[in-house]
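Heads up, the sequence shown is in our numbering, so the first residue is 3 and it goes up one at a time. C-beta: ideal position from N, C-alpha, C; glycine also. The structure appears right after this line, and notes come after that.
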Amino acid sequence: MAEPITLADIKTDEKSWWCPGCGDFGVLAALQKSVIDLQIAPHEMVMVAGIGCSGKIGNYINSYNIHVVHGRTLPTAMGVKLANRDLKVLAVGGDGDGFAIGMGHFIHACRRNVDVTYLTMDNHIYGLTKGQNSPTSDRGAKVKTAPEGSIEAPVRPLQMALAAGATWVGQGFSSNQAELVELIKSALGHRGFSFLNVISPCVTYNKVNTYAWYKEVLRSLKDDPGYRTDDRQAAMARAMETDELVTGLLFRDDSALAYEDQVAGFSTQPLTEQSLDLTPGQWEGLLADLR
Ligand SMILES: Cc1ncc(C[n+]2csc(CCOP(=O)(O)OP(=O)(O)O)c2C)c(N)n1
Ligand code: SF4
Ligand SMILES: [Mg+2]
Numbered sequence: 003m004a005e006p007i008t009l010a011d012i013k014t015d016e017k018s019w020w021c022p023g024c025g026d027f028g029v030l031a032a033l034q035k036s037v038i039d040l041q042i043a044p045h046e047m048v049m050v051a052g053i054g055c056s057g058k059i060g061n062y063i064n065s066y067n068i069h070v071v072h073g074r075t076l077p078t079a080m081g082v083k084l085a086n087r088d089l090k091v092l093a094v095g096g097d098g099d100g101f102a103i104g105m106g107h108f109i110h111a112c113r114r115n116v117d118v119t120y121l122t123m124d125n126h127i128y129g130l131t132k133g134q135n136s137p138t139s140d141r142g143a144k145v146k147t148a149p150e151g152s153i154e155a156p157v158r159p160l161q162m163a164l165a166a167g168a169t170w171v172g173q174g175f176s177s178n179q180a181e182l183v184e185l186i187k188s189a190l191g192h193r194g195f196s197f198l199n200v201i202s203p204c205v206t207y208n209k210v211n212t213y214a215w216y217k218e219v220l221r222s223l224k225d226d227p228g229y230r231t232d233d234r235q236a237a238m239a240r241a242m243e244t245d246e247l248v249t250g251l252l253f254r255d256d257s258a259l260a261y262e263d264q265v266a267g268f269s270t271q272p273l274t275e276q277s278l279d280l281t282p283g284q285w286e287g288l289l290a291d292l293r
């Protein structure tokens with residue numbers, strides 16, 4: 003029997019780059035615990051990380067890791083999954099990466115339902131580039147690029163995911179480890195696209211959305227035992243009523259087929275296991291089609 007996966011197997015020697023107190027440490031700890039609990043070996047998982055402080059997380063987990071161009075985690079992650087559906091594929095990035103430059107990919111990933119988990123580390127700011135407002139910055143937030151306060155209405159990621167058809171939607175808080183681990187494990191176990199937005203405070207550039215502030219305003223769905231996770235409209239209503247200041251699993255639909263389950267030729271073996279060799283006749287046929 004194989005040795006159990008432990009922390010020693012999944013952590014790396016890479017020195018942490020994050021500021022002391024950054025919420026991203028909590029996300030890393032919860033992700034490590036989840037991977038150990040689920041016994042996912044390093045060679046079974048691919049992390050696709052975006053550019054941002056958040057994207058550094060890929061360097062601290064021992065798995066396959068691709069650090070991609072800003073905003074392009076999802077197309078890359080979906081490509082990896084379609085090439086080898088035996089891999090656990092996790093896309094990770096910041097609110098800027100996912101909901102500004104990457105927004106188009108986000109919407110389409112939600113409706114396509116490829117079996118990929120998308121974990122965003124949402125600090126309502128661009129951390130890496132030193133404190134510009136992001137799509138999730140609150141109206142009125144005073145930041146470098148909006149010294150008088152942001153005048154834009156924020157993007158609401160949970161509502162966007164629900165409206166676009168995502169089959170698993172939840173939100174965690176980096177300092178609520180027990181709930182976050184449960185959410186990550188549930189998202190990784192969902193067959194289809196799972197979207198987990200994790201509130202992960204930036205202690206250096208965001209002086210409004212602090213740990214103390216979130217602890218005051220966030221409410222967990224755990225405190226509402228009557229809440230049902232199988233009703234998309236109720237999930238949307240809850241996200242809207244609470245201005246998304248809610249944590250827990252809002253919605254899941256396990257009946258929808260994943261994208262890769264519907265592609266002819268994918269059902270028998272992962273593409274990486276299939277022979278892609280063409281016979282001379284097939285090759286000539288393809289060329290003839292193009293002439
Ligand atoms: C194509 C492209 N545009 C812009 C940038 C500059 N850039 C790097 S990270 C970033 C935003 C980071 O914010 P976020 O995604 O929220 O991550 P955080 O650092 O807050 O974790 C930007 C605009 C870039 N690297 N590439
Ligand atoms: S700048 Fe903010 S998001 Fe980046 S590492 Fe520091 S605290 Fe974290
Ligand atoms: Mg950010």
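Inset, instruction - May I ask whether a heavy atom of ligand 2 can be found less than 7 Å away from the beta carbon of I206? - result: The question names Ile, but residue 206 is Thr in the sequence shown. At least one heavy atom of ligand 2 is nearer than 7 Å to the Cβ of T206, so yes.
Legend entry - R74 - DSSP class collapsed to helix/strand/coil: Annotated three-state conformation of R74 is coil, per DSSP.
Inset, instruction - Label M123 either buried or exposed according to how many other C-beta atoms from any shown protein chain fall within 10 Å of its C-beta, with 16 as the threshold for buried. - result: So M123 ends up on the buried side.
Inset, instruction - Might you give, ordered along the chain, the residues of its own chain that have their beta carbon closer than 6 Å to the beta carbon of N61, omitting 5 neighbours on each side? - result: In the same chain as N61, and ignoring 5 residues on each side of it, the C-beta atoms closer than 6 Å to its own belong to E16, in chain order.
Inset, instruction - Return yes when the Cβ of G172 is within less than 8 Å of the Cβ of L190, no when it is not. - result: Against a cut-off of 8 Å, the Cβ pair of G172 and L190 comes out as no contact.
Legend entry - In DSSP terms, what Y216 is bridged to: Per DSSP, none; premise fails for Y216.
Inset, instruction - Please confirm whether any heavy atom of ligand 3 lies closer than 7 Å to the CB of I109. - result: The answer is no for I109.
Inset, instruction - Tell me I103's beta-bridge partners as DSSP assigns them. - result: I103 is not bridged to any residue.
Inset, instruction - Return the CA-CA distance between S269 and L84, expressed in angstroms with no decimal places. - result: C-alpha separation (whole angstroms): 11 Å.
Legend entry - In chain order, each beta strand (DSSP E) run of at least 3 residues that lies wholly inside the stretch 217-276: As far as the stretch 217-276 is concerned, its whole beta strand (DSSP E) runs of at least 3 residues are 248-254.
Inset, instruction - Check whether the stretch 125-135 touches the stretch 96-103, counting contact only when three or more Cβ pairs, one atom from each stretch, lie closer than 8 Å. - result: Verdict: yes, contact present.
Inset, instruction - Determine the DSSP secondary structure at V37, reduced to helix, strand or coil. - result: DSSP places V37 in helix when its eight states are reduced to three.
Inset, instruction - Give me the Cα-Cα distance between I53 and A32, rounded to the nearest whole angstrom. - result: Spanning the two alpha carbons is a distance of roughly 21 Å.
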